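Colleague: Below you will find the structure I want to go over with you.
Residue numbers (the working numbering), protein chains in the order written: chain A, 13 to 396; chain B, 219 to 493.
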C-alpha cells in the first residue's frame, strides 16, 4: 500500500510539474499569436519518450547543422516578415564582478525583440544604427555583475572585448522556454560581434521565424522546408516546428526530474504491487476456513475471486488516493523551488485511479484465483 | 420400502452404485464403496457408523462439496455429475443447508451477518438480507444476540445460529454433520428438538452422528460400515413411541418430558428467549 502510494505520488508530481512546465512554454507560444515557427538543427524525433530521456542541450558540444546562410535563405521565403537566428556562445562575462559560467551569450539580430516579444525594462534593444559594441543584458545578470538593475551606459567585457550596455530586459522569471535560454541571465549581442568573438564563424542554434499571418504559417513552414533542403543537399538534418510542438519541454531540469520520478514510480508501483500480492496471499491462507464455509453456503468460484479482488482493489485504490494527496503536496513543495506552479487536471486524478486499479487487479488476481481454487472440504478442515 | 414409496412423495436424492476413491496406486482406497440409496422428501435420516466408514464423505458428496465421484447421483431428478461448477454452487446456495459439528461461523462477522451470508450469494440486497436473517434469528430466540460476535456465544447458541444460517434461504435438504458433537447433553437436546421441529415442518434432514441416542429423532436410520450401507431401518411413528429408547445413561422418559416441555415452550413463544 505504501509502495502504491509512493508510486502514485511520483506519477502525480511528475504529471503536475510537467504540465506546469509545458503550459508555461505553450502559454508563451500562444501569447506570440500563433504565427511563429522555429527551425532547429537535427532531424525530428518521432517519439515523445525520446524527448523525455535524451539530453536536450545539444548546443554545448554538438556542431549545429544550421548556418547563417540558412537564416538568410529563410528570410527570403514568401510571407516571412522577420527572421532572427540565435547563436549561443559561451565565455567569460566580466564587469565589477564575473558573471556565472551559465550565462548565455546570444548573438542575434534586432528582429528577435519583435519575434519573441522581449520586454525592455530600461533603455533599448539592439539597433543596426548603433555601434556594434553594444549589448542588452538580463536583469539578473545585471545584478550579478553590476550590483544593480540600472546598468545603462556601463561597460562590460565579453571574452576580453568591451561592450556598452544599452538596455536591460524586463524580468521574465522564465528559465524554461522554447528558446532554451534564460533571458534573465543572458547577454544579447549583435550578430557581427558574435562572429568576431567566435573566430569569424557562427553556429546557429535556432532560427525564429515570424510569418505575416497565422493563415500563412503552414505554407511558410512548407516553403522553409523546401528551401533548406536545397541548402542541405537534400539531407533533412533540421526541423521546422510550430505551435504546440515548440512547447515540448526543453529544460534539462525538467528532464532530470521527469526521468528520476518516472523510475521511482515504476519501481515503487512494482514493489507496492508485490506487497499487495503478499498481503492477499497471507489473507487467503488465514481465511481458508472462511473460504470453505462460503463455498459450502453457495459461493461460486467467481464470488470468491470477486471478494478477494475487491479487497486487493481497496488496498491499492486506498494507496492510490493517499499517493495522489501526497503527490499534490509534494508537487507544491517542489514547485516552491521552481519558477512555475504545478497544474492539476482531472486527467491526472484519473491516471492515479487507473494506475492503482490496474495494479490492484494485476497483483490481486493470483491470490484471488488461488482462493477460488481451494477445495471446500480441505478448506473446512483447516484449524481456525 | 415399497410401502414407504407410496406414502412418501417424489425422491429427492437417488444414488446408484456411488463410489468415492482416495489415493492412487497401492494407496488407493474407496471411502464409499458402492452405495445405492433413495431419499424421499420429508425424511429425517440418521447415518451412523464407526469412524472412517465414509459417513462424512457421503455427506460431502450429497452436499456437492465433493464432486469427483464414480456412479450416479441424481438430485431432484437431475444428474449432478454433468453440472458446471457455477450451477453446483447455485444448488448449494438454493437447495442445500449445511450444519457442521464445529459450527463454522465466520469469526470476524457478527451473528446476524453470519446468518445473512448465504443470501449474499443469492443476490439479495443488504437491507433485505439483514431483515431476513433477523427474522429467522427471532424464531430461534436469538434476536437479542444479533450483534454478538460468535466467540461471545455458548456452544448451543452458536449451533443454533449455524442452524439459522442453514435455514435462511429455505433449503429443501438440510445436511448435518454431527451437529451435537461439540455440545453437552443439554445443548444437544435443544439442537435435536430444533431439527425435529424442522422435520415436522416438512424439511428433508440428513444427519451424520456417532450418538445412538439421537437416532430416536430420525424417521430412518442407516448404518454404514467400510463404505457400504450395513443396515437401513425405517422407524414408524408408533414404533418410535413404544420402542424402548436405546439406554445411554438416561432413561427414555427424559425425551418424553422434553417433548412436553417443548410444547410448553411453543405456547410461550414470543415472550422471551431461552438457552
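No residue lacks a Cβ here, since even glycine has one placed at the ideal position from N, Cα and C. Just so you know, these numbers come straight off a predicted model, no measurement behind them.
#1: From residue 98 (chain A) to residue 209 (chain A), what distance separates their C-alpha atoms?
#2: Less than 8 angstroms separating the beta-carbons of residue 229 (chain B) and residue 313 (chain B)?
#3: By Cβ distance, which residues of its chain are closer than 7 angstroms to residue 90 (chain A), with the 5 residues on each side in sequence left out?
#4: Have a look at residue 323 (chain A) and residue 342 (chain A) and give me their C-alpha separation to the nearest angstrom.
#5: So, does the CB of residue 230 (chain A) fall closer than 8 angstroms to a CB anywhere in chain B?
#6: Please say whether residue 168 (chain A) and residue 222 (chain A) have beta carbons closer to each other than 8 angstroms?
#7: Secondary structure at residue 381 (chain A), three-state DSSP: helix, strand or coil?
#8: Taking only beta-carbon atoms, is residue 444 (chain B) less than 8 angstroms away from chain A?
#9: Examine chain A for any beta-carbon lying closer than 8 angstroms to the beta-carbon of residue 402 (chain B), and answer yes or no.
#10: Which whole runs of the alpha helix (DSSP H) in the segment 148-224 of chain A are 4 residues long or more, in chain order?
#11: Beta-carbon within less than 6 angstroms of residue 310 (chain B)'s beta-carbon, same chain only, minus the 5 sequence neighbours each way: which residues are those?
#12: Rounded to whole angstroms, what is the Cα-Cα separation between residue 276 (chain A) and residue 22 (chain A)?
#13: With 8 angstroms as the limit, tell me which residues of the segment 274-304 of chain B have their beta carbon closer than that to any beta carbon of chain A; keep them in chain order.
#14: Thinking just about the alpha-carbon of each residue, which of A:85, A:191 and A:299 is nearest to the one in residue 254 (chain A)?
#15: Span of the beta strand (DSSP E) holding residue 95 (chain A)?
#16: Short of 7 angstroms Cβ to Cβ, which residues in the segment 337-348 of chain B face chain A?
#17: Quick check on residue 313 (chain A) - is its C-beta less than 8 angstroms from some C-beta in chain B?
#18: Using beta carbons (cut-off 8 angstroms, strictly below), is residue 310 (chain B) in contact with chain A?
#19: Can you find a C-beta in chain B that's less than 8 angstroms from the C-beta of residue 309 (chain A)?
#20: Apply the 10 Å Cβ neighbour rule to residue 39 (chain A) and answer buried if 16 or more other Cβ atoms are within range, or exposed otherwise.
#21: Please tell me whether residue 322 (chain B) has its Cβ less than 8 angstroms away from any Cβ of chain A.
#22: Once the 5 residues before and after residue 234 (chain B) are set aside, which same chain residues still bring their CB inside 7 angstroms of it?
#23: In chain A, what lies closer than 8 angstroms to residue 316 (chain B) by C-beta?
#24: According to a CB-to-CB cut-off of less than 8 angstroms, which residues of the segment 420-444 of chain B neighbour chain A?
#25: To test your reading of the DSSP string, which unbroken alpha helix (DSSP H) runs of 4 or more residues are found completely within the segment 274-339 of chain A?
#26: According to DSSP, is residue 452 (chain B) part of a helix, a strand, or is it coil?
#27: Who are the neighbours of residue 307 (chain B) on chain A, taking C-beta pairs under 9 angstroms?
#28: Please work out which residues of its chain come closer than 7 angstroms, Cβ to Cβ, to residue 360 (chain A), disregarding the five sequence neighbours upstream and downstream, and give them in chain order.
#29: Does the segment 117-136 of chain A come into contact with the segment 200-219 of chain A, if we say contact requires no fewer than three beta-carbon pairs (one atom in each stretch) closer than 8 angstroms?
#30: Classify residue 276 (chain B): buried if its beta carbon has 16 or more other beta carbons within 10 angstroms, exposed otherwise.
#31: Would you check if the segment 260-268 of chain B and the segment 423-435 of chain B touch, i.e. whether three or more CB-CB distances between them fall below 8 angstroms?
#32: So residue 349 (chain B) is in the alpha helix (DSSP H); what residue range does that whole segment cover?
#33: Answer with buried or exposed for residue 320 (chain A), where buried requires no fewer than 16 other C-beta atoms within 10 angstroms of its C-beta.
#34: To the nearest whole angstrom, what separates the beta carbons of residue 111 (chain A) and residue 156 (chain A), a pair I think is in contact under 8 angstroms?
#35: Could you please give the first and the last residue of the uninterrupted alpha helix (DSSP H) stretch that includes residue 140 (chain A)?
#36: Below 7 angstroms, is the gap between the Cβ of residue 140 (chain A) and the nearest heavy atom of the ligand ATP?
Modeller: Per the coordinate set shown:
#1: Mapped onto the first chain, residue 98 (chain A) falls at position 86. Mapped onto the first chain, residue 209 (chain A) falls at position 197. So the alpha carbons of these two residues sit roughly 15 angstroms apart.
#2: The residue you call residue 229 (chain B) lines up with position 11 of the second chain. The residue you call residue 313 (chain B) lines up with position 95 of the second chain. No, the pair does not count as a contact, with Cβ atoms beyond the cut-off.
#3: Here residue 90 (chain A) corresponds to residue number 78 of the first chain, with the count starting at 1. The beta carbon of residue 90 (chain A) sits closer than 7 angstroms to those of 235, all from its chain and outside the five residues before and after it, given in chain order.
#4: Here residue 323 (chain A) refers to the residue found at position 311 of the first chain. Here residue 342 (chain A) refers to the residue found at position 330 of the first chain. Near 28 angstroms, if we compare the C-alpha coordinates of residue 342 (chain A) and residue 323 (chain A).
#5: Within the first chain, residue 230 (chain A) is the residue found at index 218, counting from 1. Closer than 8 angstroms: no.
#6: In the first chain, residue 222 (chain A) corresponds to position 210, counting from 1. In the first chain, residue 168 (chain A) corresponds to position 156, counting from 1. Cβ atoms of residue 222 (chain A) and residue 168 (chain A): not closer than 8 angstroms.
#7: The residue given as residue 381 (chain A) occupies position 369 in the first chain. In the structure shown, residue 381 (chain A) sits in a helix (DSSP, three-state: H, G or I).
#8: Your numbering for residue 444 (chain B) matches position 226 in the second chain. So, not an interface residue.
#9: Residue 402 (chain B) sits at position 184 when you count from the first residue of the second chain. Cβ-Cβ to chain A under 8 angstroms: no for residue 402 (chain B).
#10: 151-158 and 203-209
#11: Indexing the second chain from 1 puts residue 310 (chain B) at position 92. Taken in chain order, the residues that qualify are 282.
#12: Locating residue 276 (chain A) in the first chain gives position 264, counting from the first residue. Locating residue 22 (chain A) in the first chain gives position 10, counting from the first residue. Residue 276 (chain A) and residue 22 (chain A): Cα-Cα distance of roughly 7 angstroms.
#13: Here the close residues are 278, 281, 283, 284, 303 and 304.
#14: As a working mapping, residue 254 (chain A) is identified with position 242 in the first chain. Just measuring C-alpha positions, the residue of A:85, A:191 and A:299 sitting nearest residue 254 (chain A) is A:191.
#15: Counting from one through the first chain, the residue named residue 95 (chain A) turns up at place 83. Where residue 95 (chain A) is concerned, the enclosing beta strand (DSSP E) stretches over 92-101.
#16: 339
#17: For this step, residue 313 (chain A) is matched to residue 301 along the first chain. Using a Cβ-Cβ cut-off of 8 angstroms, residue 313 (chain A) counts as an interface residue toward chain B, since at least one Cβ of chain B sits closer than that to its own.
#18: Numbered from 1 along the second chain, position 92 holds the residue referred to as residue 310 (chain B). It does; some Cβ of chain A falls within 8 angstroms.
#19: For this step, residue 309 (chain A) is matched to residue 297 along the first chain. Residue-level contact check: residue 309 (chain A) touches chain B, since one or more beta carbons of chain B fall below 8 angstroms from its beta carbon.
#20: Position 27 of the first chain, counting from 1, holds the residue named residue 39 (chain A). That one is exposed.
#21: Counting from 1 along the second chain, the entry for residue 322 (chain B) is found at position 104. For residue 322 (chain B), the answer is yes, since a Cβ of chain A falls inside 8 angstroms of its Cβ.
#22: Sequence index remark: in the second chain, residue 234 (chain B) carries index 16 (1-based). Around residue 234 (chain B): 254, 289 and 290.
#23: Reading the second chain from its first residue, position 98 is the one you call residue 316 (chain B). Near residue 316 (chain B) (Cβ distances below 8 angstroms), the residues of chain A are 308 and 309.
#24: none
#25: 300-308
#26: Here residue 452 (chain B) refers to the residue found at position 234 of the second chain. Here residue 452 (chain B) sits in strand by DSSP.
#27: Within the second chain, residue 307 (chain B) is the residue found at index 89, counting from 1. Correct list: 307, 310, 311, 312, 313, 314 and 315.
#28: In the first chain, residue 360 (chain A) corresponds to position 348, counting from 1. If we look at residue 360 (chain A) and ignore the five residues flanking it on each side, its Cβ neighbours are 24, 27 and 28.
#29: With the cut-off at 8 angstroms, the segment 117-136 of chain A and the segment 200-219 of chain A touch.
#30: Reading the second chain from its first residue, position 58 is the one you call residue 276 (chain B). Result: buried.
#31: yes
#32: One-based indexing of the second chain puts residue 349 (chain B) at position 131. Where residue 349 (chain B) is concerned, the enclosing alpha helix (DSSP H) stretches over 344-357.
#33: Mapped onto the first chain, residue 320 (chain A) falls at position 308. Classification of residue 320 (chain A): buried, given that the 10 Å Cβ count is 16 or more.
#34: On the first chain, residue 111 (chain A) is found 99 positions in, with the first residue counted as 1. On the first chain, residue 156 (chain A) is found 144 positions in, with the first residue counted as 1. Contact holds; Cβ gap of about 6 angstroms.
#35: Your numbering for residue 140 (chain A) matches position 128 in the first chain. Premise fails: residue 140 (chain A) is in no alpha helix (DSSP H) and is neither H nor E.
#36: Looking at this structure, you won't find the ligand ATP or any other ligand, since it has none at all.
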